[in-house]
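Asker:
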Amino acid sequence: MNSLTITEIVGRSSQGVTRPFICRADDGYLYYVKGSGAGRRALIAETLAAPIGRALGLPVPEAAPAFVPKELIAQSVRGDIDQLGSEFVFASRAEPHVKEFALAQLPYIPTDLQARVLLFDYWIQNGDRSLTEHGGNPNLLWSHGTQTLSVIDHNLAFESAGTEEMWEHHVFRHARSQWDRAFKERLTPVMDAILNRIPEYWRALPEAWTEVDTGLSLTYVQSVLGRFKSNPAAFWAGS
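Per our numbering, the sequence shown starts with residue 5, numbered consecutively.
Here it is as C-alpha coordinates:
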(Lines of atoms letter the chains of each structure in order from A; the text may use other names.)
(Lines give C-alpha, C1' and ligand atoms only; values in the text may rest on other atoms or scores of the structure.)
Protein backbone atom coordinates (compact mmCIF):
# COMPACT_ATOMS: atom_id res chain seq x y z
CA MET A 5 0.00 0.00 0.00
CA ASN A 6 1.82 3.09 -1.25
CA SER A 7 0.91 6.32 0.52
CA LEU A 8 -0.41 9.30 -1.41
CA THR A 9 -0.43 13.05 -0.76
CA ILE A 10 -3.63 15.04 -1.25
CA THR A 11 -3.01 18.14 -3.35
CA GLU A 12 -6.53 19.49 -3.92
CA ILE A 13 -9.93 19.30 -2.20
CA VAL A 14 -12.42 19.26 -5.07
CA GLY A 15 -15.69 18.75 -3.19
CA ARG A 16 -17.67 16.27 -1.16
CA SER A 17 -19.98 13.42 -2.03
CA SER A 18 -23.67 13.81 -1.23
CA GLN A 19 -24.05 10.04 -0.86
CA GLY A 20 -23.11 7.59 1.85
CA VAL A 21 -23.24 7.86 5.61
CA THR A 22 -19.66 9.13 5.83
CA ARG A 23 -19.99 11.42 2.75
CA PRO A 24 -16.38 11.14 1.62
CA PHE A 25 -14.51 14.14 0.29
CA ILE A 26 -13.51 14.21 -3.37
CA CYS A 27 -9.82 15.03 -3.62
CA ARG A 28 -6.99 14.96 -6.11
CA ALA A 29 -3.75 13.25 -5.10
CA ASP A 30 -0.18 13.73 -6.23
CA ASP A 31 -0.56 10.92 -8.77
CA GLY A 32 -3.11 13.03 -10.66
CA TYR A 33 -6.14 10.84 -9.91
CA LEU A 34 -9.32 11.77 -8.09
CA TYR A 35 -10.09 9.89 -4.88
CA TYR A 36 -12.96 9.51 -2.48
CA VAL A 37 -11.39 10.39 0.85
CA LYS A 38 -12.50 9.58 4.40
CA GLY A 39 -10.79 11.39 7.24
CA SER A 40 -11.20 12.24 10.90
CA GLY A 41 -14.99 12.39 10.62
CA ALA A 42 -15.09 8.67 9.85
CA GLY A 43 -13.02 7.68 12.88
CA ARG A 44 -9.76 5.75 13.08
CA ARG A 45 -11.43 2.36 13.36
CA ALA A 46 -13.25 2.89 10.07
CA LEU A 47 -10.06 4.08 8.37
CA ILE A 48 -8.21 0.95 9.51
CA ALA A 49 -11.06 -1.30 8.35
CA GLU A 50 -11.17 0.36 4.92
CA THR A 51 -7.41 0.22 4.44
CA LEU A 52 -7.17 -3.46 5.38
CA ALA A 53 -10.25 -4.54 3.44
CA ALA A 54 -9.11 -3.07 0.11
CA PRO A 55 -6.05 -5.32 -0.47
CA ILE A 56 -7.93 -8.32 0.94
CA GLY A 57 -10.68 -7.83 -1.62
CA ARG A 58 -8.26 -7.28 -4.48
CA ALA A 59 -6.31 -10.41 -3.51
CA LEU A 60 -9.58 -12.36 -3.76
CA GLY A 61 -9.86 -11.11 -7.33
CA LEU A 62 -12.59 -8.58 -6.62
CA PRO A 63 -12.87 -5.27 -8.50
CA VAL A 64 -12.06 -3.10 -5.49
CA PRO A 65 -10.74 0.34 -6.58
CA GLU A 66 -7.11 1.17 -5.86
CA ALA A 67 -6.90 2.47 -2.29
CA ALA A 68 -4.25 3.59 0.17
CA PRO A 69 -3.60 5.89 3.11
CA ALA A 70 -3.09 9.47 1.99
CA PHE A 71 -1.46 12.45 3.67
CA VAL A 72 -3.30 15.77 3.89
CA PRO A 73 -0.91 18.69 4.44
CA LYS A 74 -1.91 21.13 7.18
CA GLU A 75 -1.44 23.98 4.72
CA LEU A 76 -4.18 22.56 2.49
CA ILE A 77 -6.61 22.50 5.42
CA ALA A 78 -5.64 26.02 6.52
CA GLN A 79 -6.30 27.40 3.02
CA SER A 80 -9.74 25.79 2.74
CA VAL A 81 -12.90 27.87 3.25
CA ARG A 82 -15.11 24.80 3.68
CA GLY A 83 -17.16 24.79 6.87
CA ASP A 84 -16.86 21.02 7.16
CA ILE A 85 -13.13 20.79 6.59
CA ASP A 86 -12.60 19.57 10.16
CA GLN A 87 -14.29 16.30 9.13
CA LEU A 88 -11.43 15.69 6.71
CA GLY A 89 -8.63 16.74 9.04
CA SER A 90 -4.94 16.98 8.34
CA GLU A 91 -2.38 14.20 8.32
CA PHE A 92 -3.48 10.68 7.29
CA VAL A 93 -6.78 9.75 5.64
CA PHE A 94 -8.13 6.84 3.58
CA ALA A 95 -8.30 7.37 -0.18
CA SER A 96 -10.18 5.19 -2.69
CA ARG A 97 -9.68 5.97 -6.37
CA ALA A 98 -12.79 7.40 -8.02
CA GLU A 99 -14.18 5.28 -10.83
CA PRO A 100 -15.46 7.30 -13.84
CA HIS A 101 -19.00 7.11 -15.24
CA VAL A 102 -20.51 4.83 -12.61
CA LYS A 103 -23.84 4.67 -10.81
CA GLU A 104 -25.09 2.76 -7.79
CA PHE A 105 -25.70 -0.90 -8.55
CA ALA A 106 -29.33 -1.94 -9.01
CA LEU A 107 -30.99 -5.35 -9.09
CA ALA A 108 -31.50 -4.91 -12.84
CA GLN A 109 -27.73 -5.42 -13.27
CA LEU A 110 -27.69 -8.71 -11.33
CA PRO A 111 -27.89 -10.94 -14.44
CA TYR A 112 -24.73 -9.30 -15.80
CA ILE A 113 -22.58 -10.31 -12.81
CA PRO A 114 -20.89 -13.73 -13.15
CA THR A 115 -22.08 -16.08 -10.43
CA ASP A 116 -18.51 -16.85 -9.37
CA LEU A 117 -17.86 -13.14 -8.80
CA GLN A 118 -21.08 -12.88 -6.81
CA ALA A 119 -19.98 -15.85 -4.70
CA ARG A 120 -16.57 -14.30 -4.03
CA VAL A 121 -18.04 -10.93 -3.03
CA LEU A 122 -20.38 -12.75 -0.65
CA LEU A 123 -17.45 -14.74 0.76
CA PHE A 124 -15.39 -11.56 1.13
CA ASP A 125 -18.08 -9.77 3.14
CA TYR A 126 -18.75 -12.81 5.30
CA TRP A 127 -15.02 -13.34 5.90
CA ILE A 128 -14.29 -9.74 6.94
CA GLN A 129 -17.62 -9.46 8.81
CA ASN A 130 -18.94 -6.67 6.63
CA GLY A 131 -22.72 -6.68 6.93
CA ASP A 132 -23.14 -3.51 4.88
CA ARG A 133 -23.93 -4.68 1.35
CA SER A 134 -27.67 -5.26 1.34
CA LEU A 135 -30.14 -5.05 -1.53
CA THR A 136 -33.55 -6.67 -1.94
CA GLU A 137 -36.70 -5.79 -3.85
CA HIS A 138 -37.48 -3.49 -0.92
CA GLY A 139 -34.27 -1.50 -1.35
CA GLY A 140 -31.00 -1.43 0.54
CA ASN A 141 -27.43 -0.19 0.44
CA PRO A 142 -25.37 -2.36 -1.94
CA ASN A 143 -22.11 -0.38 -1.75
CA LEU A 144 -21.47 -1.43 -5.32
CA LEU A 145 -20.97 0.74 -8.39
CA TRP A 146 -21.88 -0.21 -11.94
CA SER A 147 -20.45 1.11 -15.19
CA HIS A 148 -22.98 0.89 -18.01
CA GLY A 149 -20.27 1.66 -20.54
CA THR A 150 -17.87 -1.11 -19.59
CA GLN A 151 -20.42 -3.40 -17.91
CA THR A 152 -18.16 -3.70 -14.88
CA LEU A 153 -18.64 -3.71 -11.13
CA SER A 154 -16.78 -1.82 -8.40
CA VAL A 155 -16.84 -3.04 -4.80
CA ILE A 156 -16.61 -0.15 -2.32
CA ASP A 157 -17.15 1.02 1.29
CA HIS A 158 -15.80 -1.31 3.95
CA ASN A 159 -15.74 1.02 6.95
CA LEU A 160 -17.93 -1.44 8.90
CA ALA A 161 -15.66 -4.43 8.28
CA PHE A 162 -14.57 -6.55 11.24
CA GLU A 163 -17.82 -5.90 13.08
CA SER A 164 -19.90 -8.97 13.84
CA ALA A 165 -23.08 -6.88 14.03
CA GLY A 166 -25.16 -7.39 10.91
CA THR A 167 -23.44 -10.50 9.62
CA GLU A 168 -26.24 -12.72 10.93
CA GLU A 169 -28.67 -10.96 8.57
CA MET A 170 -26.31 -11.31 5.62
CA TRP A 171 -27.91 -14.51 4.36
CA GLU A 172 -31.27 -12.72 4.05
CA HIS A 173 -30.31 -9.28 2.78
CA HIS A 174 -26.91 -9.43 1.04
CA VAL A 175 -27.16 -8.35 -2.59
CA PHE A 176 -25.50 -11.61 -3.70
CA ARG A 177 -26.99 -13.89 -1.02
CA HIS A 178 -28.27 -16.40 -3.61
CA ALA A 179 -24.70 -17.03 -4.80
CA ARG A 180 -24.01 -18.95 -1.62
CA SER A 181 -25.14 -22.02 -3.56
CA GLN A 182 -21.84 -21.67 -5.48
CA TRP A 183 -19.84 -22.45 -2.33
CA ASP A 184 -19.36 -26.06 -3.31
CA ARG A 185 -16.34 -28.26 -2.65
CA ALA A 186 -14.47 -27.03 -5.72
CA PHE A 187 -15.07 -23.39 -4.72
CA LYS A 188 -13.77 -24.02 -1.21
CA GLU A 189 -10.71 -25.90 -2.46
CA ARG A 190 -9.92 -23.09 -4.90
CA LEU A 191 -10.39 -20.21 -2.45
CA THR A 192 -8.91 -21.68 0.73
CA PRO A 193 -5.25 -21.41 -0.43
CA VAL A 194 -5.90 -17.83 -1.56
CA MET A 195 -7.40 -16.96 1.82
CA ASP A 196 -4.47 -18.61 3.58
CA ALA A 197 -2.01 -16.50 1.59
CA ILE A 198 -3.96 -13.35 2.44
CA LEU A 199 -4.04 -14.24 6.13
CA ASN A 200 -0.26 -14.61 6.10
CA ARG A 201 0.08 -11.07 4.74
CA ILE A 202 -2.12 -9.38 7.35
CA PRO A 203 0.85 -8.42 9.60
CA GLU A 204 2.43 -6.75 6.56
CA TYR A 205 -0.79 -4.84 5.83
CA TRP A 206 -1.04 -3.82 9.48
CA ARG A 207 2.52 -2.49 9.60
CA ALA A 208 1.74 -0.32 6.58
CA LEU A 209 -1.03 1.51 8.46
CA PRO A 210 -0.23 5.02 9.72
CA GLU A 211 0.95 4.89 13.34
CA ALA A 212 -1.50 7.67 14.21
CA TRP A 213 -4.33 5.19 13.57
CA THR A 214 -2.92 2.27 15.56
CA GLU A 215 -1.29 4.03 18.53
CA VAL A 216 -4.70 4.53 20.18
CA ASP A 217 -7.20 1.87 21.22
CA THR A 218 -9.86 1.64 18.52
CA GLY A 219 -11.05 -1.83 19.48
CA LEU A 220 -9.45 -3.10 16.29
CA SER A 221 -6.07 -4.75 16.81
CA LEU A 222 -3.86 -6.95 14.68
CA THR A 223 -4.67 -9.91 16.93
CA TYR A 224 -8.40 -9.31 16.56
CA VAL A 225 -8.21 -8.99 12.77
CA GLN A 226 -6.19 -12.20 12.57
CA SER A 227 -8.76 -14.01 14.72
CA VAL A 228 -11.63 -12.84 12.51
CA LEU A 229 -9.85 -13.83 9.31
CA GLY A 230 -8.57 -17.08 10.81
CA ARG A 231 -12.05 -18.55 11.31
CA PHE A 232 -11.82 -20.60 8.11
CA LYS A 233 -8.78 -22.40 9.60
CA SER A 234 -9.70 -22.64 13.28
CA ASN A 235 -13.18 -24.03 12.59
CA PRO A 236 -13.64 -24.66 8.86
CA ALA A 237 -16.90 -26.58 9.24
CA ALA A 238 -18.58 -23.75 11.14
CA PHE A 239 -17.09 -21.12 8.84
CA TRP A 240 -18.39 -22.63 5.61
CA ALA A 241 -21.71 -23.39 7.27
CA GLY A 242 -22.12 -19.66 7.80
CA SER A 243 -22.39 -19.82 11.55
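Where is the CB? At the ideal position from N, CA and C, for every residue including glycine.
Run through the stretch 87-114 for me and flag every whole alpha helix (DSSP H) of 4 or more residues, listed as ranges in chain order.
Answerer: DSSP runs (the alpha helix (DSSP H)) wholly in the stretch 87-114: none.
Asker: Could you pull out every unbroken alpha helix (DSSP H) segment of at least 4 residues lying fully inside the stretch 188-214, listed in chain order?
Answerer: Runs found: 211-214.
Asker: Considering only the alpha carbon of each residue, which of Phe94, Thr22, Gly89 lies closest to alanine 208?
Answerer: Reading the sequence shown from its first residue, position 204 is the one you call residue 208. Of the listed residues, the one whose Cα sits closest to alanine 208 is Phe94.
Asker: From this set, Gly32, Leu135, Gly41, Ser147, which residue's C-alpha is nearest glutamate 16's C-alpha?
Answerer: As a first step, residue 16 is located in the sequence shown; it is residue number 12 there, counting from the start. Checking the sequence shown, residue 16 turns out to be arginine, not glutamate. Closest by alpha carbon: Gly41.
Asker: What separation, rounded to the nearest whole angstrom, lies between the Cα atoms of alanine 186 and tryptophan 127?
Answerer: Mapped onto the sequence shown, residue 186 falls at position 182. Mapped onto the sequence shown, residue 127 falls at position 123. About 18 Å.
Asker: Check whether the stretch 82-96 and the stretch 55-70 are in contact - that is, three or more C-beta pairs closer than 8 Å.
Answerer: They touch, by the three-pair rule.
Asker: Taking only the alpha-carbon atoms, compute the straight-line gap between leucine 60 and phenylalanine 92 and give it to the nearest angstrom.
Answerer: Within the sequence shown, numbered from 1, the residue matching residue 60 stands at position 56. Within the sequence shown, numbered from 1, the residue matching residue 92 stands at position 88. Roughly 26 Å between the two C-alpha positions.
Asker: Quick check on this structure: which residue in Gly139, Tyr33, Glu12, Gly131 has the alpha carbon closest to the alpha carbon of glutamate 104?
Answerer: Indexing the sequence shown from 1 puts residue 104 at position 100. Nearest C-alpha to glutamate 104: Gly139.
Asker: Given a threshold of 16 other Cβ atoms within 10 Å of its Cβ, counted over all protein chains shown, does threonine 51 qualify as buried or as exposed?
Answerer: In the sequence shown, residue 51 corresponds to position 47, counting from 1. Counting Cβ neighbours within 10 Å, threonine 51 comes out buried, since at least 16 surround it.
Asker: Is it buried or exposed, valine 155, if we count other Cβ atoms within 10 angstroms and call 16 or more buried?
Answerer: Taking the sequence shown and counting its residues from 1, the one referred to as residue 155 is at position 151. Per the 10 Å Cβ criterion, buried.
Asker: Going along the chain, which residues of its own chain have a beta-carbon closer than 6 Å to the beta-carbon of isoleucine 56, five neighbours each way excluded?
Answerer: Here residue 56 corresponds to residue number 52 of the sequence shown, with the count starting at 1. Correct list, in chain order: Ile198.
Asker: Is the number of C-beta pairs between the stretch 73-83 and the stretch 113-128 that are closer than 8 Å three or more?
Answerer: No, the stretch 73-83 is not in contact with the stretch 113-128.
Asker: Around the Cβ of tyrosine 112, are there at least 16 other Cβ atoms within 10 angstroms (buried) or fewer (exposed)?
Answerer: Taking the first residue of the sequence shown as position 1, residue 112 is located at position 108. Classification of tyrosine 112: exposed, given that the 10 Å Cβ count is below 16.
Asker: Start and end of the alpha helix (DSSP H) containing alanine 54?
Answerer: In the sequence shown, the residue the question calls residue 54 occupies position 50. 44-59 is the extent of the alpha helix (DSSP H) around alanine 54.
Asker: Return the chain-ordered list of same chain residues with a C-beta closer than 6 Å to the C-beta of alanine 46, the five sequence neighbours on each side being excluded.
Answerer: Within the sequence shown, residue 46 is the residue found at index 42, counting from 1. Contacts found: Asn159.
Asker: Is it the case that the Cβ atoms of tryptophan 183 and tryptophan 240 are separated by a distance below 8 Å?
Answerer: Translated into the one-based positions of the sequence shown, residue 183 becomes position 179. Translated into the one-based positions of the sequence shown, residue 240 becomes position 236. Contact flag set, yes.
Asker: Measuring only the C-alpha atoms, how far is alanine 108 from tryptophan 171?
Answerer: Counting from one through the sequence shown, the residue named residue 108 turns up at place 104. Counting from one through the sequence shown, the residue named residue 171 turns up at place 167. Approximately 20 Å between the Cα atoms of the pair.
Asker: Check the DSSP bridge columns for proline 73 and list the partner residues they point to.
Answerer: To locate residue 73, count along the sequence shown from 1; it is residue 69. Per DSSP, none; premise fails for proline 73.
Asker: How is tyrosine 33 classed by DSSP in three states: helix, strand or coil?
Answerer: Counting from 1 along the sequence shown, the entry for residue 33 is found at position 29. Three-state result, tyrosine 33: coil.
Asker: Applying the 10 Å Cβ sphere with the 16-neighbour rule, what's the burial state of glycine 219?
Answerer: In the sequence shown, the residue the question calls residue 219 occupies position 215. It is exposed - the Cβ of glycine 219 has fewer than 16 other Cβ atoms within 10 Å.
Asker: Indicate the three-state DSSP secondary structure (helix, strand or coil) for alanine 238 in the structure shown.
Answerer: Residue 238 sits at position 234 when you count from the first residue of the sequence shown. Alanine 238 falls in the helix class under three-state DSSP.
Asker: In the DSSP assignment, what are the bridge partners of histidine 174?
Answerer: Taking the first residue of the sequence shown as 1, we reach residue 174 at position 170. According to DSSP, histidine 174 bridges with Ser134.
Asker: Is threonine 218 helix, strand or coil by DSSP?
Answerer: Reading the sequence shown from its first residue, position 214 is the one you call residue 218. Reduced to three states, the DSSP call for threonine 218 is coil.
Asker: Do the CB positions of leucine 144 and valine 175 come within less than 8 Å of each other?
Answerer: One-based indexing of the sequence shown puts residue 144 at position 140. One-based indexing of the sequence shown puts residue 175 at position 171. Yes, the Cβ-Cβ distance between leucine 144 and valine 175 is below 8 Å.
Asker: Is proline 24 closer than 8 Å to tyrosine 33 when the C-beta atoms are compared?
Answerer: Position 29 of the sequence shown, counted from the first residue, corresponds to residue 33. Position 20 of the sequence shown, counted from the first residue, corresponds to residue 24. Cβ atoms of tyrosine 33 and proline 24: not closer than 8 Å.
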